[in-house]
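Going by the numbering used here, the sequence shown opens with residue -5, and the numbers climb by one from there. Following: one structure in structure tokens, then a few remarks.
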Amino acid sequence: MKINRFYDKNLLLAILLALCFFVVAIIISLSQFIWLDEAYTLTTTSASIKQVWFRAINFEGQPPLYFILLRIWRIISDSVFFARLFSIITVTISIFIVYRLSEKYVTSIHPFLITLLFASNSIVLWAALEIRVYGLTILFAVLLIWLFLNTYTSKPKPILYKRLIFSIVALLSVYIQYYLAFILIGNFIFLIINKKWKIAYLYLLDMIIPVIGTVFLISIVFDQMSIHAYQNESTLSLLNLIIFQFKKISTYLFPLLNYFTSGVLTLSLFITIFSVVLFFARKNVKFQLNHRNYFLTISVVLLIFFTCLLFLTDIRNVAQRHTISLLLPLMMSLVLIIGTAKPAKIANTILVLMIMGNFVFDSIIYSSEEQKGIQHKIISDFIKANDDSNRRVFCFRYDIALVLKYGVPNHDVIPIPVNIDFDSHFDRRKWVLNNANQLDSLFTVNNINNGFWLVTSENDSAINKSIEKKFKIHYNYKLLNDYISENFYIEMEKQFSCGLTLRRITIPKKN
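So this is what it looks like as structure tokens:
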């Protein structure tokens, strides 16, 4: 039996799909350049494990487990590629599990199509290429769903060792991303709706371990919210909230559609597409939409919680990258509805079209200059091609310096006005240039006899205006520009499409 299991066709297909995704992600990663959030991760995980723990909580404002795991992973190699490889592996494992999940719980459509739809999704590929927590979040979201269904719905009575495994994974998941706790709540609601009282009671008992293990995180969450309260944006109107949520759903399910549309048009097209799907599935869709649909239940629960967060906190807290745990339940709910369409060729055709749309969107994103960090790579390459004396590179602001230091490792990259302490709370107000004395001391301490490079944002760019308005701060670009004009000669100046300006400054003016 074990030998036959090894040659199981579905098992081999699952492994093949996962390996294909792994290879494609590796190839794409070789051309990737880091962006700001990834630079935060690399800096956060460059310290001792104890420091990483506190940096994750205080500076990153996130649970610490991902950063601890990545710190341990980077002991093997400290390279950017190896840090990215961690996310690629976690998402590759997720794809394998999604295949096995689809094989067992979605019988109307071949698991190959479902898994290919998941693997080709731009959010999934992006998470795999990101040196952030999102790849690991996808893995644990998939694990929580898969383990719950295998443990609490497959047998009349859940097996003890499976319950223990689920409890441990549930505990770890909250230390990876807070929002994964919403899946745990959704699981309980699913059991209650289906009147599985005894199993729901056992589930509650199993949740004692995660609850006790995460009690102290509650105070940390409130502390993190208070620290970043000054950055909160105004709440959305009801109409904008609806559009925001539907746009997010369409991004997860129809990324190509969302790319070419916005606002009300996105909502209208989404409703149109969904209506077409329901038309072909009209005879059987009632069964799929009843209270016994696990994936629909989890989707609704997550959407309710995320909508509540929109009212209670900041819109950025529920950006699509943070709510990535919603992706699989939404996709599986849609797949189950599509799977009821008759004849079966209709369902397969719809899925193939969706997969083709995913591939088209992926090719657009990863063959264009819209990739995050690509402009910083262009600037880095320009500096290296036009500098034979390793001049210092001054950057205003700190976030620019943090990214560029990975692009020009042979140059001293110096932030203006000060370096940021990752062992303290994250605060953009520390990046503000207050007076010329800060510049005097900065240029005095650092040797600039051979001249230097200066990288700044455009003072009046839409991005900078948005940032300053959003975070209620004023960086004071004019002070820096006036100081440079009064004290130095600008030999060369070049503006880049990303809103950054590069200047080569060589000879200080003599008094």
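Cβ atoms here follow ideal geometry from the backbone N, Cα and C, with glycine treated the same way.
Buried or exposed by the 16-neighbour rule on C-beta atoms within 10 Å, applied to residue i
i: W191; result: exposed
i: V387; result: buried
i: S479; result: exposed
i: S25; result: exposed
i: E485; result: exposed
i: I43; result: exposed
i: I332; result: buried
i: V17; result: exposed
i: P150; result: exposed
i: T145; result: buried
i: L433; result: buried
Beta-carbon proximity check, residue i vs residue j, cutoff 9 Å
i: T84; j: I132; result: yes
i: I359; j: T245; result: no
i: L322; j: V92; result: yes
i: R423; j: I467; result: yes
i: H370; j: R385; result: no
i: A545; j: Y483; result: The question about residue 545 has no answer here: the residues shown for the chain are numbered -5 through 505.
i: L59; j: T35; result: no
i: F90; j: L11; result: yes
i: A135; j: L174; result: yes
i: A19; j: L111; result: no
i: L130; j: I170; result: yes
Spatial distance of residue i from residue j (CA atoms)
i: I69; j: I125; result: 16 Å
i: D72; j: N440; result: 28 Å
i: I51; j: L303; result: 20 Å
i: A164; j: P204; result: 6 Å
i: G445; j: I414; result: 24 Å
i: T500; j: T208; result: 55 Å
i: A395; j: V412; result: 11 Å
i: A341; j: A335; result: 6 Å
i: I373; j: F27; result: 12 Å
i: L296; j: L13; result: 30 Å
i: N431; j: L474; result: 11 Å
i: F353; j: N481; result: 52 Å
i: I236; j: M348; result: 24 Å
i: L143; j: S357; result: 35 Å
i: L5; j: L137; result: 18 Å
i: V407; j: V397; result: 10 Å
i: H104; j: E97; result: 7 Å
Contacts around residue i, its chain only, beta-carbon distance under 6 Å, and the 5 residues preceding and following it disregarded
i: T307; result: none
i: R78; result: S23, I125
i: T508; result: Nothing can be reported for residue 508: it is not among the residues displayed for the chain, which extend from -5 to 505.
i: N470; result: L427
i: E487; result: R497
i: T37; result: F416
i: R391; result: W425
i: P337; result: none
i: I82; result: A19, A122
8 Å CB neighbourhood of residue i in its chain, flanking five on each side removed
i: I292; result: I139, I177, G180, N181, F184, P323
i: N234; result: none
i: W47; result: P58, F61, I62
Residue nearest to residue i in terms of C-alpha spacing, selected from the options
i: D417; options: R49, W29, Y471, C14; result: R49
i: I298; options: I309, F376, Q239, N115; result: Q239
i: N311; options: S40, F142, E54, A379; result: E54
i: G493; options: S451, D200, L473, L130; result: S451
i: V294; options: I243, F305, L448, Q432; result: I243
i: Y155; options: Y172, L196, A430, S327; result: L196
i: A8; options: T39, F61, W67, F106; result: F106
i: V346; options: S81, I206, W47, T109; result: T109
i: S40; options: Q56, W67, I20, V17; result: W67
i: Y477; options: L448, Q489, F490; result: L448
i: Q489; options: I410, F376, V397, A121; result: F376
i: D381; options: S361, M348, V402; result: V402
i: Y172; options: S319, Y146, K241, I206; result: S319
Cβ neighbours of residue i in the same chain (closer than 7 Å, five flanking residues each side left out)
i: R315; result: Y128
i: F15; result: T86, I89, A113
i: F355; result: S116, P249, L250, Y253
i: I393; result: First, the residue type needs correcting, since residue 393 is Asp and not Ile in the sequence shown. These residues qualify, in order along the chain: L30.
i: L141; result: I159, F160, V163
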